[in-house]
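There are 2 protein chains.
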Amino acid sequence: MISYQNLPVLITGGAGFIGSNLAIRLVELGARVTIVDPVVAGCGGNPSNLAPVRNTITWIDRDISDAARFASAIREAKLIFNLAGEISHIHSMEFPERDLLINTVSQLRFLQVCAKENPGVRIVYAGTRQVYGKPDYLPMDEAHPIRPVDFNGVHKYAANMYHTMLSRSGHLDAVVLRLTNVYGPRMALQIPCQGFLSTFLRLTITGQGLQVFGDGKQLRDPLFVDDAVDAFLQAAKSKIRFREDRTYNIGGPQSLSLLEIAQTMARMGGNLPVTLREFPADRVSIDIGSYSTDSSAFRDSFGWRPRHSFEDGLATTLAYYRSNLHHYLDPNNPQPHCGLPEHLGIQHRLTYTAV
Amino acid sequence: MISYQNLPVLITGGAGFIGSNLAIRLVELGARVTIVDPVVAGCGGNPSNLAPVRNTITWIDRDISDAARFASAIREAKLIFNLAGEISHIHSMEFPERDLLINTVSQLRFLQVCAKENPGVRIVYAGTRQVYGKPDYLPMDEAHPIRPVDFNGVHKYAANMYHTMLSRSGHLDAVVLRLTNVYGPRMALQIPCQGFLSTFLRLTITGQGLQVFGDGKQLRDPLFVDDAVDAFLQAAKSKIRFREDRTYNIGGPQSLSLLEIAQTMARMGGNLPVTLREFPADRVSIDIGSYSTDSSAFRDSFGWRPRHSFEDGLATTLAYYRSNLHHYLDPNNPQPHCGLPEHLGIQHRLTYTAV
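Chains as they are written, first to last, in the working numbering: chain A, 241 to 595; chain B, 241 to 595.
Structure follows, in structure tokens:
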């Protein structure tokens, strides 16, 4: 792998969960890191995530849709890690236009500026396995049909297509990593609807019992964030020619049932109780059943593999939150709340107007 | 096929090329037809298209993104034919946000209102083979990877996913027809960038020679609009259970090279000259090479097949334009012009604002 020493890199969503872990690692590797993150309510960004590197990085406090206003940072970047977005499937079903704006419209604007200011720049985009929907077969490879079960999946896939289409035409040099469920330090704990791992972590770290929907037999393959960061770094610097569709699945080292995941967390959190409960109605239609990843295309092309077992990653994660909990849970208001303007009664709407 | 007599149907894009042919046929079948079409500049809508039925139909002069304002028409419709959109690949590359607004944002708003006001309503959506991009194999079936080569393909596919996703969850009962190149009466002639068939027709009907890009050997399978209308009618009324992805390719009866198509038109237009010329730079990246459709899934499920050979369809088409040319070409300004606000120097931008 080529050196990151002194390399100017741009990270969108750099105050978010994976983005901040990536920023910290890149600073350790000697890169000159600029992050773009306006910390949009509900999206999981948190300035505390960047505490270790706050004085080392440059922070552009703008939405990626305002890319024209930070064109020089885009022009100077040798690599772009594109992690800005909203990951919540639930939010997307409540507020589809918000999800469309954040995950598709903003990406369109950002990528147009990238193509103009830095044609052919290498971009690594954080995609999601959610675009596949309910699996036809497991483990799931990249040839699986695209059948998202929620607006988030539709909008993330539109952005995925922007990256691949603009790369096929030579405007960009993008690669898309379709991530499984990632967990680890700096994950938002207090925002509901960020996935079961976030909820389980909040309940574990606060000493509450865990509830598992359904029979708990659905499989997931959680990936520790350090391993996800490895995947981004290897995809970014590789000189290997990408496959034509430039899209790789990135999964975890083990297939575990939701019940096993809950039981492991409950045990490591201090022998907390685990109970099964019925699936809530609003989750049934967007549940995808079991999932496990076939990461062999990425592994074979890039030599990557996850290095952390779930127990190892979880131990590191719990230790992090024990020391930093006040940055992730408001002690005066420990209930989950996403702070979405729509939840505060403010309605938003996309309009197309002459400017 | 069940009777259309007195059936309330809604057609979005009903003043457009295929939409107007569908409206006229549905009036003939006794349906109560409401169309929605604000005749957006550049999209091919033309009030003259509806001349034969103008006093029989109800015309809602609104954008589908304003669906909340015609909720009662949506509520009362037993069938919805969803043909609103922009088909130009070239326009989409010039003005991606405009294409996103027309083909994706508007569809999102429209479908949300449909799901709310008329849950489970049967919708037939006009998709496009453009979502596939350059074929891996021919004839192309529905299992082919989705690899659009332009923004239009990305945005049409996002709308395709809205339809299938909302149907899988029971909110709608949609079917998507992925159309090949359709031609026939009521096609816009004067708007450039509406595809080669429109351009060839304009040149033929005005007695000019035809130019074919490249060597002219690329295959297409043009479909006469009456056959496309048949496909919409059969998909709309069928009680056959749709396949899970609810998407069917709809192609023409013959594979013809661009040169053959041009030569046939030139001969039927009065022995006009046909010349080959180099591919213009802005078309190279969005050209998909040869294309032919495997329509067997739709044919086998619905008993549909195209009834018109290219020569038959073309004869009908040329006869139509000979009698109605003044509605399709401005004699005072016979040059192609799409009337896009952006081409008139007016910039538009999507914004997400509190309302």
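Note that the Cβ used here is the ideal one computed from N, Cα and C, for glycine as well.
Treat the numbers as computed from the prediction; the structure is a model and nothing was measured.
Classification of residue i by the beta-carbon crowding that lies within 10 angstroms, buried from 16 upward
i	result
E326(A)	buried
E551(A)	exposed
V524(A)	exposed
Y531(A)	buried
Q245(B)	exposed
Y377(A)	exposed
E382(A)	buried
E337(A)	buried
D522(A)	exposed
N573(B)	exposed
G230(B)	Nothing about residue 230(B) can be read from this structure; chain B reaches only from 241 to 595.
A506(B)	buried
G373(A)	buried
A324(A)	buried
N400(A)	buried
D339(A)	buried
C-alpha gap between residue i and residue j, whole angstroms
i	j	result
F321(B)	N489(A)	37 Å
P462(B)	A271(A)	54 Å
R517(A)	M508(A)	22 Å
G529(B)	P520(B)	14 Å
H567(B)	G456(B)	31 Å
T533(B)	F436(A)	43 Å
D306(A)	D470(B)	46 Å
G259(A)	D301(A)	14 Å
K479(B)	Y423(A)	46 Å
S495(B)	L459(B)	6 Å
R547(A)	D467(A)	6 Å
V249(A)	L554(A)	29 Å
D570(A)	P292(A)	21 Å
L580(B)	A281(B)	6 Å
G447(A)	L498(A)	19 Å
P278(A)	I363(B)	39 Å
T515(A)	I445(A)	17 Å
A414(A)	P385(A)	21 Å
V273(A)	T296(A)	8 Å
N421(A)	S346(A)	23 Å
Q503(A)	M405(B)	33 Å
C578(B)	S438(B)	13 Å
C354(A)	H403(A)	11 Å
R549(A)	S328(A)	Strictly speaking, residue 549(A) in this sequence is Ser, with Arg absent from that position. Between S549(A) and S328(A), the C-alpha separation is close to 25 Å.
F464(B)	L441(A)	59 Å
Y397(B)	Y365(B)	11 Å
Bridge-paired residues (DSSP) for residue i
i	result
W299(A)	I275(A)
L496(A)	R460(A)
D413(A)	R362(A)
M380(A)	T533(A)
I453(B)	The residue asked about is misnamed: residue 453(B) is Phe in this sequence, not Ile. According to DSSP, which records beta bridges pairwise, F453(B) is partnered with R517(B).
G367(A)	R418(A)
I251(B)	I275(B), F321(B)
I490(B)	L419(B)
Closest by C-alpha distance to residue i, when choosing among the options
i	options	result
R486(B)	R545(B), L412(B), T420(B)	L412(B)
E334(A)	S563(A), L450(A), N573(A), P432(A)	P432(A)
G285(B)	L565(B), F482(B), A428(B)	A428(B)
L565(B)	P493(B), D527(B), D540(B), Q430(B)	Q430(B)
R483(A)	G492(A), A537(A), V452(A)	A537(A)
A255(A)	E500(A), I304(A), L406(A)	I304(A)
C283(B)	D540(B), G449(B), R426(B)	R426(B)
A223(B)	T446(B), L419(B), C354(B), L450(B)	The structure shown does not extend to residue 223(B), since chain B is modelled only from 241 to 595, so the question has no answer here.
S535(A)	L512(A), T557(A), S563(A), P493(A)	P493(A)
P379(A)	S563(A), G491(A), S497(A)	G491(A)
P318(A)	R265(A), V279(A), I251(A), D277(A)	The sequence given here has Lys at residue 318(A), not Pro. When each option's Cα is compared against that of K318(A), the closest is I251(A).
S243(A)	Q503(A), Y397(A), L269(A), G543(A)	L269(A)
V276(A)	L266(A), Q575(A), T296(A), G253(A)	G253(A)
R481(A)	R408(A), T515(A), A502(A)	R408(A)
N261(B)	R349(B), L247(B), S288(B)	S288(B)
L266(A)	F472(A), S541(A), D540(A)	F472(A)
N343(A)	V394(A), V353(A), I330(A), P375(A)	V394(A)
G410(A)	Q352(A), I501(A), A263(A), D339(A)	Q352(A)
G315(B)	F350(B), A559(B), D339(B)	Checking the displayed sequence, the identity of residue 315(B) turns out to be Arg instead of Gly. The candidate whose alpha carbon is nearest that of R315(B) is F350(B).
Checklist entry - Is the segment 350–360 of chain B in contact with the segment 384–394 of chain A, if contact means three or more CB pairs nearer than 8 Å? => result The segment 350–360 of chain B is not in contact with the segment 384–394 of chain A.
Next on the checklist: Under 8 Å, with one C-beta from each stretch per pair, do the segment 308–318 of chain B and the segment 364–371 of chain B reach the 3-pair mark?
Outcome noted: No, they do not touch.
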